[in-house]
Structure formats: C-alpha cells, structure tokens
DNA sequence: GCGACAG
DNA sequence: ATCTTGTCGC
C-alpha cells in the first residue's frame, strides 16, 4: 500500500520532492487497450479541513459509468498554487486503493506536465500509482498560448517560454471557455488530447471529470455513502 | 517591485 | 474550491 503523509511539509521541502519525482515522469505514447477510463476529483466546504475525494470508473468509449469510489479525509496541507498535489493526493490515493478495477487511463482534475517544474497533480499521481494519467484543468497555471478558435474541437499548443510543448488549450464546446489538457504520466501531448476529445459529451468538461465532480459533490452533501459502489 | 497564480 | 439569482446568448 502506498501510504504517505504530506501534512507538515514546508514548500521548500515539497519543491525538492517535485524535482526528484519529475525525473520519474514518462511522457510516452499511450499504448491501448483502452477499455476503462476514470475521473478523479475533490470537494470540500470552504474553510474546512475535511475533504471528499472520489474516482468514477467508466467504460470506454461508451463513457457509461460503472461505479465510484468515495472517501472522506482530513487534510492540513493548504492549497498553494503549484503544490496542489500535496493537498489532494493523499485522499485520492485512498479512493484509488479501494477501486476494485483500475482504469487504463485516469483523468485528474488539474494539470500534468503543464507546471512550473513539470510536476502537476496528474503527473504526481501517475508516478506514485504507476498509472497512466492525463491532466484536465479549467484554468492555466503555467505556460504560454494563443486563444483557440471559438468552434468546438479547435485547439492551440501550450508551451513554456522556450517553446517546449506542454499540452493543449482545447475548445471542448463552441463559444465556451477552453480547458487545458496535458500529459500526466505514461502518456504524451497528442495522445492526451486525442483521448480527452473522445470524452466530450456535450458539456465543457470531459465525462470522467464531470461525473467525478458530481459524485464527490453529492457525497459531501450526504446524498451518497462512502466506499465503493457499482452502478 | 509587479503581475500570475490548478483546486 | 464553494456560495448564489438573475440574466444574457445560442
């Protein structure tokens, strides 16, 4: 079991961990099969240390949800831009461990290598769980890009100041703000975009992320119980 | 010093 | 992230 405690870490210490882990990230073309995909997300009440983490498993390419894993935990590490992983990964790993079936690809709500040290939450999770992951974020954290055309499907590259490709800014829905897609671990930039575009079902957010968000939210509101549940 | 800043 | 009603546009 991957048991970790990121609580009393300082930012300098967390930075050292990111630099070491970055050496383990593998940005390679994902080789199928892709029969199951999953989405991970966190929900919490403002000013509370209690977080509700969840992972929803769905069949691919039908995107039909088949079950979800929900966990309630206490987290002390605060939200600091660039260090989201130290706050959300511990509970997410607990939800991950109680998943009866692991997906071929996990979509994490946040960035992958589109990060100051190329170590966003999706990459961090991928290395720890030795799992192929893709980062899907709603806002930019790091990088430069041109606004993609307003039509659904358009996309522009997200790069660093030196031109290194980090991901794509993807218009998942016409006339709606784009999402930021980047490889987490065991996936590459073009492949991540290709997989994610097959996860769009009429909404701005990809199904794995959208359903995970709905699940943790209902869990936080007491509508569904903790643990694993098949659908 | 100033602006940016995932969830 | 969460809170929260109406309002504007496709």
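Residue numbers (the UniProt record's numbering): 1 to 231.
A virtual CB, placed ideally from N, CA and C, is assigned to each residue, including glycine.
Bridge partner(s) assigned by DSSP for residue i
| i | result |
| --- | --- |
| residue 157 | 168 |
| residue 113 | In DSSP, residue 113 forms no bridge with anything. |
| residue 62 | DSSP, once it has assigned bridges, lists no residue as partnering residue 62. |
| residue 37 | 58, 105 |
| residue 74 | 50 |
| residue 123 | Beta-bridge pairing links residue 123 to no other residue. |
| residue 181 | 136, 168 |
| residue 230 | 67 |
| residue 44 | 51 |
| residue 89 | Answer is none; residue 89 lacks a bridge partner. |
| residue 144 | 159 |
Span separating the alpha-carbon of residue i from that of residue j
| i | j | result |
| --- | --- | --- |
| residue 136 | residue 230 | 25 Å |
| residue 36 | residue 60 | 5 Å |
| residue 76 | residue 13 | 16 Å |
| residue 46 | residue 209 | 21 Å |
| residue 53 | residue 228 | 12 Å |
| residue 9 | residue 178 | 34 Å |
| residue 215 | residue 138 | 18 Å |
| residue 28 | residue 190 | 10 Å |
| residue 127 | residue 26 | 9 Å |
| residue 18 | residue 24 | 10 Å |
C-beta atoms of residue i and residue j nearer than 8 Å
| i | j | result |
| --- | --- | --- |
| residue 57 | residue 101 | yes |
| residue 115 | residue 153 | no |
| residue 220 | residue 43 | yes |
| residue 187 | residue 134 | yes |
| residue 113 | residue 132 | no |
| residue 55 | residue 212 | yes |
| residue 156 | residue 148 | yes |
| residue 71 | residue 11 | no |
| residue 174 | residue 146 | no |
| residue 34 | residue 201 | no |
| residue 141 | residue 111 | yes |
Of the listed residues the options, nearest to residue i (C-alpha basis)
| i | options | result |
| --- | --- | --- |
| residue 197 | 67, 170, 106, 55 | 170 |
| residue 98 | 178, 129, 45 | 129 |
| residue 192 | 15, 30, 20, 10 | 30 |
| residue 5 | 32, 73, 65, 28 | 73 |
| residue 38 | 206, 139, 222 | 206 |
| residue 164 | 117, 67, 194 | 117 |
Determine contact between the stretch 173–183 and the stretch 108–126, defined as no fewer than three beta-carbon pairs at a distance below 8 Å. yes
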